[in-house]
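Notes follow once the structure below has been shown.
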Amino acid sequence: MSKVRDYQKLAEDILAILHEENITNVTRCATRLRIVLKETPEGAKEKIASLPGVITVVLNNGQFQIVIGPHVGEVYDAFMNLVNVQTDSNEEQKGSVLNRIIATMSAVFAPFIYILAAAGILQGCLILINLAFPSFANTDTYQVFSLISWAPFTFLPIFIAITASKHFKVNTYIAVACCAALVSPDLAKIAESIANGDAHNFLGIPLSPTTYTSSVLPPLILVWLLSYLEKFVEKRLPGVIKPLLTPFICLVIMVPVTILVLGPVSALLANGIANGYNYLVQVAPPLAGAIIGGFWQVIVIFGVHWGITPVVLANFDMYGRDSFQAFQTIAVVAQVGAVFGVLLKARSKELKNVSMSAFITGIFGITEPAIYGVTLRFKKPFIYGCIAGAVGAIVASFFNPYYFAYAGLPSLITIVNGINSEFPLSFIGIVIGCAIAFFGAMLLVQFLGFGETKEEDEELKKEVDLNDTPKVEPGVSSSLQVKNLSIPAPIKGKRLPLADVPDEVFRSGAMGLGIAILPEEDEVRAPFDGEIVMLTDTKHAIGLRSNEGVEMLIHVGIDSVKLNGEPFTYLVKEKQHVKKGDLLLTFDRKQIEQAGCSLITPVLITNAEEFASVTPQETDEMSTDPTAILAITNTI
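Okay, so the sequence shown: first residue is 202 according to our numbering, each after it adds one.
Laid out in structure tokens, this is it:
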């Protein structure tokens, strides 16, 4: 939920909880860090879910799924730099066969899903341009842009070879060489010739007219079997010829086996599933719409949504269109509408900020922040979104809605993929369905409410903070009536510049301007007359506002949040008025140091932007009073 800048710190915290020796595999998707564990440590789910930057944790499909949101790539990169995951060749991932298949789909497609999404958006742009300027389709410029938009789909087996080779721990170059053969123009010509009635064979075995451009299962199964063949060959070849003969043997075996057996069988399987879904759409389109529009986001919750990708791509390959993504878009838009409804109705500023962030990412088809951060959190908005999505998809089903270009992330910005002159009602149906889904969910939230409580407000207020560090709520600048003010130290100890704080967030000034103190005593006292505006469950920090409007954050120790409040004792309550010198907080320095945390305590003015200057005072030793540590000059 919170904005995280220190991805390295988050990765380190996750690893400290899960332990490297307990990890067998690590993958990621558009929003989740997916980790396969030998066993789940006690309390790991709750601990990681509470980390700053983590939206929630889902245990499913044999995976420990850490939902992070759009920044998952940065966290994944930092995490992979910390671990050396060497899965034993005989060790399988946990879970059922179905779970492992879905986990594999996620690992294979997630790294390049944005490439497919970008290509889909380009196709949508070309659709709009051709509508406005029909002659554009006859230009060379259109041809170039068109081939760019189709290239990732045409050579999809090569993308799969790259990601699947990493997942199955295969030599990437051998996998690419095998899959490149599948999309060879010469093989496509042979398939076309067979389709026209000519006979072709390999070693006397008839070849099929199967083509492999845009295919999913043939290259995926090829690389999976290649992982076994490569290990088998390498164990039996002498070291001096292994680099040459391993790829040679793998190529001459796997490519023919795929063309003769794997390709036709897997294509039949994917096409069969796609045809089964298409049959439901033809026989009972409202039922198909209700199922997908109403339950797609439920599937997303459990992280199994990648399993539908081969079916969708099979539809595009066979028919050049797909209805599943049309209904899927309506389900996505419904959740976006629900979170927008919360944004409009929420009372607290913190919830509005969270909702706005989730709304923006939802527009682009990433709904996990909306689901886990808002709609599922309050339950009612999620249900409203499912209801509105189902109703919208049912209405759209009467217009025969289709997508005519693949959308990596179906969303509001991809609805143009439903435009096609041969199906003029398709786009209209999608637009009507999306409108019903969006406004229906939004209005349900407005009229029925979503269950916002004061307790939820307080919890959200803590979660949206940067790096799990409470930030004092901004004050009213009109209350700043003093031109100049000197702030004494709240803790006795040695002053340090913020540049010496071992935390990037504090060091950069992102949380505010001020100084740091290395405590020599175990007490925090009020540096001015004012009010307590913020306390935390972990008792490691305290926020104050002076009578003049100066807002201060005192954060005792670095990483001290992980101590769960044990070394700290509050002596005040929120909204309590205090006098300068009042004892606010006590702590055990020895216990903090023994836990491996730094005692350095940032003392920050969090509304520093409302003043002309906030300047640390030049002195080596700080006492609680009367020595000033900060000089503030007001703007008036």
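Where is the CB? At the ideal position from N, CA and C, for every residue including glycine.
Can you tell me which of the three DSSP states residue i falls into?
i	result
Gly694	strand
Glu794	helix
Pro439	coil
Gln498	helix
Glu222	helix
Asn402	strand
Gln777	coil
Gly473	helix
Ile567	coil
Glu293	In this prediction, Glu293 scores a pLDDT of 43, lower than 50, which makes its location untrustworthy; the coordinate-derived value is nonetheless stated afterwards. Looking at Glu293 - three-state DSSP - the assignment turns out to be coil, as it is neither helix nor strand.
Leu686	strand
Ala485	coil
Ser416	coil
Thr802	strand
Ala717	strand
Ile629	helix
Pro703	coil
Lys740	coil
Gly274	helix
Glu431	helix
Pro242	coil
Thr807	coil
Asn285	coil
Glu213	helix
Ser556	helix
Pro611	coil
Ile616	helix
Asn621	coil
Phe651	coil
In the DSSP assignment, what are the bridge partners of residue i?
i	result
Tyr604	Asp523
Thr770	Thr787
Glu752	Arg746
Pro407	Asn402
Thr228	Arg235
Buried or exposed for residue i, going by 16 or more other Cβ atoms inside 10 Å?
i	result
Gly254	buried
Ala352	exposed
Pro611	buried
Gln777	exposed
Ala489	buried
Ser747	buried
Asp289	Model confidence at Asp289 stands at a pLDDT of 39, short of 50, so the residue's coordinates are unreliable; what they give is reported in the following sentence. Exposed is the call here.
Ile741	Here residue 741 is His; the residue named in the question, Ile, does not match the sequence. Buried.
Leu545	exposed
Ala212	buried
Ala338	exposed
Asp278	exposed
Ala392	buried
Thr816	exposed
Ser627	buried
Glu794	exposed
Tyr607	buried
Ile406	exposed
Gln344	exposed
Glu623	exposed
Looking at the unbroken alpha helix (DSSP H) that takes in residue i, where does it start and where does it end?
i	result
Leu252	Careful: Leu252 lies outside any alpha helix (DSSP H) and carries neither H nor E.
Ser394	386 to 396
Ser598	581 to 598
Val462	Where Val462 is concerned, there is no enclosing alpha helix (DSSP H), given that its DSSP letter is neither H nor E.
Gly270	Where Gly270 is concerned, there is no enclosing alpha helix (DSSP H), given that its DSSP letter is neither H nor E.
The beta strand (DSSP E) spanning residue i covers which residue range?
i	result
Leu736	731 to 736
Glu724	724 to 726
Ser549	Neither: Ser549 is in no beta strand (DSSP E) and is coded neither H nor E.
Val762	Neither: Val762 is in no beta strand (DSSP E) and is coded neither H nor E.
Could you check whether the Cβ of residue i sits closer than 8 Å to any Cβ belonging to chain B?
i	result
Asp523	No chain B is present in this structure, which holds just one protein chain.
Notebook entry, point to check: What are the start and end residues of each continuous alpha helix (DSSP H) run of 4 or more residues lying completely inside the region 322 to 382, in chain order?
Noted result: Listed in chain order, the alpha helix (DSSP H) runs fully inside the region 322 to 382 are 341 to 355, 357 to 369, counting runs of at least 4 residues.
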